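Q: First, the structure itself, so that you have it in front of you.
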Amino acid sequence: MAGPAAASTGSQTGEGQKREGWSSRTAFVLAAVGAAVGLGNIWRFPTLAGENGGGAFVLFYIGCVALIGLPLVLSEVLIGRHGRSDAYGSAAKLAEDSGRSRAWGVFGGISILSAFLILTFYSVVAGWVIYYIGVMGSDFLGALFSGNPLAGALASENPQDIMARMTALFADVPLLLGMHTVFMLITIWIVARGVTDGIEKAATYMMPTFFVLLVLITVYSAFTGEFSQALTFLFTPDFSKLTPAIMNAALGQALFSMSLGSAALITYGSYVSKDTNLPPTTVMIGFADTTVAIIAGLMIFPIVFAVNLDVAAGPTLVFQSLPIAFHTMPGGSLVGLLFFILIFFAALTSSISLLEAVVAWAKTQLGWSRSFASWLIGGLIFLIGIACALSFNMWADVRLLSFWPLFADSNIFDTIDGVTGKIMLPVAAFLTAIFIGWRADKQVVAAETNLTGGMLVLWRFLIAWFAPIGVGAILLFGLFPQLLPGG
Ligand code: PFF
């Protein structure tokens, strides 16, 4: 096992070996915020808000976070902290301590499988980020050495050439696979080093840097872009735009963005010391995640409006539209580089949590060493990720689930994204809510939360009624879109 388990919070395992743990509450918060804040906030949230008309989507999203997301974050972290095991083992332990069947561990198992699958495509998108760091980095160095550090990005290219970069990247199999490989190697290397020496250290360096960059670029964007237009777009709701399909998308995005139903928070919760007060800590995680998503909108849309780009460009918004915007803006070369470094940090702290969720399971349930588990599981994820990368070129026409109307038109990348987002995360989150709301021992759960009085009643209501119904609805309408009026 890599890394000394010197953490003050480490607990004894059955074998008398110290279990790994965070060295402080701050370390946990940084790692958990790092897990939550990722491509979901900076790439997917603005994409979805742009495609779905802005304000009404954003408000509904915030409602989902507050009423369904936060109660679930607390539930997942407490399951981990009580069980002191991987997501499967922790869920089974709480079930056992509640006099229920260990079979409840199944939702932990589904979550672990989700984490495994999500990382296969997540790493491919993170690979695009690395490519753009390379492009912007060499562009900035060129500008610097030619004595013009405040040049616009890619000054020698025209907008068509800049657009064409993404298409060219998608067609370039060795380059796509190379970037995916680099990203997976970094993720595996950090996870193999262990909780304190790897995960915690990475989060402690990267998250503060991330926040500084986020503020700097947002201020830049507010001054150089169309800030008020962005504010109006993001915060003036037109509720006639809020179709059931869009609500469904908002709820699914809330789960993905807060890393719910995918074992990461249960696993990170299992390293939290018994004296940490969970409710304020979990609210902080949810609050930070949502704030970053909204700030990402305020960072990206003023720029998009300033150069009259299409807000509904879809998944290419960040990769194709923004470089064109940086092209025309003062200092765009430098800001573009910083922007992609920011996304890289966000993606890496999330991918670490995805791999850790699976590695913790292999360590505990299969008895593998941390480094063996990290390299083997990371290697498998890497291999499946190759199929996701090939979805943009050689295997664009491969349909894994062609018999299923929902996925009949989806390439491998979209199929894995869809099956996890539309089915597996909601199933795991639904079962978590039912388990905590109805089956787990009320005293044990209340003691773990430290909640009393009205707050306990409120949380119990949300987790027992509101969350299962809300999440159940995503699941139902995700699987049977034809049930949605107008969907
Ligand atoms: N929450 C991450 C994001 O918004 O990018 C993605 C993610 C990380 C999902 C960890 C699930 C997870 F367990």
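For the sequence shown, this note's numbering begins at 1 and goes up steadily by one.
By construction, the Cβ of each residue, glycine as well, lies at the ideal position given by its N, Cα and C atoms.
Remember, it's a predicted structure, so these values are computed and weren't measured experimentally.
1. Kindly indicate the opening and closing residues of the alpha helix (DSSP H) around Gly418.
2. Under three-state DSSP, which class holds Lys241?
3. So the candidates are Leu338, Trp22, Val445 and Leu400; which of them puts its Cα closest to the Cα of Val215?
4. Output the boundary residues of the alpha helix (DSSP H) element that contains Gly289.
5. Can we count Ile423 as close to the ligand PFF, meaning its CB is less than 7 Å from some heavy atom?
6. Would the C-beta of Asn411 count as close to the ligand PFF, meaning under 7 Å from any of its heavy atoms?
7. Any heavy atom of the ligand PFF within a distance shorter than 7 Å of the CB on Ala428?
8. Assess, as a yes-or-no matter, whether the region 129-138 is touched by the region 302-315 under the definition of 3 or more beta carbon pairs within less than 8 Å.
9. Determine whether the beta carbon atoms of Leu185 and Ala389 lie at a separation below 8 Å.
10. Would you check if the region 100-116 and the region 263-280 touch, i.e. whether three or more CB-CB distances between them fall below 8 Å?
11. Which two residues bound the contiguous alpha helix (DSSP H) that contains Tyr271?
12. For Ser221, collect the residues of the same chain with a Cβ closer than 6 Å to its Cβ; drop the 5 residues on either side in sequence, then sort them by chain order.
13. Distance check for Gly269 and Glu200, CA to CA, integer angstroms please.
14. When you compare only the Cα positions, how much space is there between Ala446 and Arg19?
15. Nearest-angstrom Cα distance between Gln482 and Leu406?
16. Under a three-way DSSP split, which group does Asn52 fall into?
17. Any heavy atom of the ligand PFF closer than 7 Å to the CB of Ile118?
18. In whole angstroms, what separates the C-alpha of Pro468 from that of Phe340?
19. According to DSSP, is Trp43 helix, strand or coil?
20. Per the contact definition of three or more C-beta pairs closer than 8 Å, is the region 386-400 in contact with the region 168-177?
21. Could you compute how far the alpha carbon of Ser438 sits from the alpha carbon of Phe239?
22. Could you name the residues of the same chain whose beta carbon sits closer than 7 Å to that of Trp368, not counting the 5 residues immediately before and after it, in chain order?
23. Is the beta carbon of Val342 within less than 7 Å of some heavy atom of the ligand PFF?
24. Between Ala296 and Val307, which are expected to be in contact by the criterion C-beta below 8 Å, what is the C-beta distance as a whole number of angstroms?
25. Could you compute how far the alpha carbon of Leu150 sits from the alpha carbon of Phe305?
26. So, with DSSP's three-state summary, where would you put Ala155?
27. With burial defined as no fewer than 16 other Cβ atoms inside 10 Å of the residue's Cβ, what is the status of Trp465: buried or exposed?
28. Is Asp86 close to the ligand HEM? I mean its beta-carbon at under 7 Å from any heavy atom of the ligand.
29. Given Gly336, which residues of its chain have a CB within under 7 Å of its CB, disregarding the five upstream and five downstream residues?
30. With a threshold of 7 Å (Cβ to nearest heavy atom), would Ser270 be considered close to the ligand PFF?
31. Would you mind sorting Phe121 into buried or exposed? The rule is 16 or more other CB atoms within 10 Å of its CB.
A: By the coordinates alone:
1. Ile412 to Gly418
2. helix
3. Leu338
4. According to the sequence provided, residue 289 is Asp. The question's Gly does not apply to it. That run of the alpha helix (DSSP H) goes Leu278 to Ala306.
5. no
6. no
7. no
8. no
9. no
10. yes
11. Premise fails: Tyr271 is in no alpha helix (DSSP H) and is neither H nor E.
12. Met299, Pro302 and Ile303
13. 13 Å
14. 25 Å
15. 10 Å
16. coil
17. yes
18. 37 Å
19. helix
20. yes
21. Looking at the sequence shown, residue 438 is not Ser but Trp. Each residue's alpha carbon lies about 34 Å from the other.
22. Ala362
23. The residue you asked about is not Val; residue 342 is Leu in the sequence shown. No, the Cβ of Leu342 stays beyond 7 Å of every heavy atom of the ligand PFF.
24. At roughly 18 Å, the Cβ-Cβ gap does not stay under 8 Å, so Ala296 and Val307 are not in contact.
25. 21 Å
26. coil
27. exposed
28. Questions concerning the ligand HEM fall outside what the structure shown contains, since the ligands it does hold are the ligand PFF.
29. Met136, Ala153, Pro323 and Phe326
30. no
31. buried
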